[in-house]
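For reference, each letter of the sequence shown is one residue, going 1 to 224 in full-length UniProt numbering. Every residue, glycine too, gets a C-beta built ideally from N, C-alpha and C. One structure is given here, and the rest of the page talks about it.
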Amino acid sequence: MGRPDNPILNSGPTPELVQRLRTLRHNAGLTLRALKERTGYSIGTLSSALAGEKLPSWSIVSAIVQACGGKPEDVEQQWVAAAAHEALKARPKRDAQAEPGDQHLRLTALFGPAPIPVNAETVEEFMRDIRRVKVWAQDPSVRVLAVKLDVPPSTLQDFLSNKNGTMPSWDMVLNFLRACGVDQDAYGEWGFVWRRLKHQETERRLQQQRAKRPMRVIRGSQQA
């Protein structure tokens with residue numbers, strides 16, 4: 001395993017997540033060099049991600065978990081919780097006064113541009129990026145966000161959990177992005193990915209329906 005990891009001195013959601021990643025690596029028996037070969041990330045990047053001083057990006061976390069034989073979805077909620085905690089720590093004691101239409105400017109100044117689903121290839125990945133937007137927006141509660149959306153909290157919770165695994169309606173996605181303060185310039189990218197994934201979903205459904213149809217047997221005419 002090489003040199004032992006330096007102890008993580010801090011506490012909180014981020015150090016706990018990093019400790020989990022360290023445990024996965026230890027159980028998999030991987031050195032940083034081996035982890036580099038499996039993930040494609042440099043040793044410096046991996047070392048920084050496993051130091052516990054700052055929250056590693058989801059792409060790095062996902063790559064480490066997969067390299068160690070785990071499932072990224074098993075740590076996704078822990079990463080989201082850590083990201084929300086970091087966002088709250090970065091929040092100023094008093095938000096700068098801004099017009100409602102300028103919310104995206106304030107959020108962008110504090111946390112950078114809102115996430116966009118550039119790498120989403122599945123419904124699950126699309127909804128993961130939706131939940132990342134919620135974290136970016138300083139992780140408002142479902143109840144507060146539901147008021148902005150003018151929908152029942154249960155409807156918003158169903159949208160975020162996406163237990164049925166299907167693409168949500170575009171109206172719901174768009175209203176969610178607006179409620180979270182995403183700049184309207186990003187709507188086009190979201191809409192493009194939504195239409196692509198929705199088309200793929202429709203095609204799969206049609207193929208399944210065709211596969212279920214009984215085959216019609218056409219008998220040739222019998223000659224006397």
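Taken through DSSP and simplified to helix, strand or coil, G29 comes out as coil. Restricting attention to T155, L149, A84, the CA atom closest to the CA of R131 is found in A84. Here N164 carries a coil assignment [DSSP, helix/strand/coil]. With 16 or more other Cβ atoms inside 10 Å of its own Cβ, A63 counts as buried. A direct Cα-Cα distance of roughly 32 Å separates Q77 from Q208. Annotation for A28: A67, C68, G69 place their beta carbon closer than 8 Å to its own, counting only its chain and skipping 5 residues before and after. In the same chain as V80, and ignoring 5 residues on each side of it, the C-beta atoms closer than 7 Å to its own belong to R131, V135, in chain order. Approximately 7 Å separates the beta-carbon atoms of V123 and E201; this is inside 8 Å, confirming the contact.
With a 10 Å radius around the Cβ and a threshold of 16 neighbouring Cβ atoms, G40 comes out exposed. Residue range 43 to 49 is occupied by the alpha helix (DSSP H) that includes S48.
Look at T23 here: in three-state DSSP terms it is helix.
Sixteen is the threshold: since fewer than 16 other Cβ atoms of the shown chains lie within 10 Å of the Cβ of R195, the residue is exposed. Just so you know, the alpha carbons of T23 and D74 end up roughly 14 Å apart. Counting only the Cα atoms, R20 lies some 13 Å from P56. In the structure shown, Q138 falls within a coil segment according to DSSP collapsed to helix, strand and coil. Beta-carbon to beta-carbon, L50 and K36 are separated by about 12 Å, too far to satisfy the 8 Å threshold. Residue state for I64 is assigned as helix, using DSSP reduced to three classes. The three-state secondary structure of G70, taken from DSSP, is coil. By the neighbour-count criterion, in which a residue is buried when 16 or more other Cβ atoms sit within 10 angstroms of its Cβ, V118 is exposed.
Under the three-state reduction of DSSP, L17 is assigned to helix. In the three-state DSSP reduction, L55 falls in the coil class, being neither helix nor strand.
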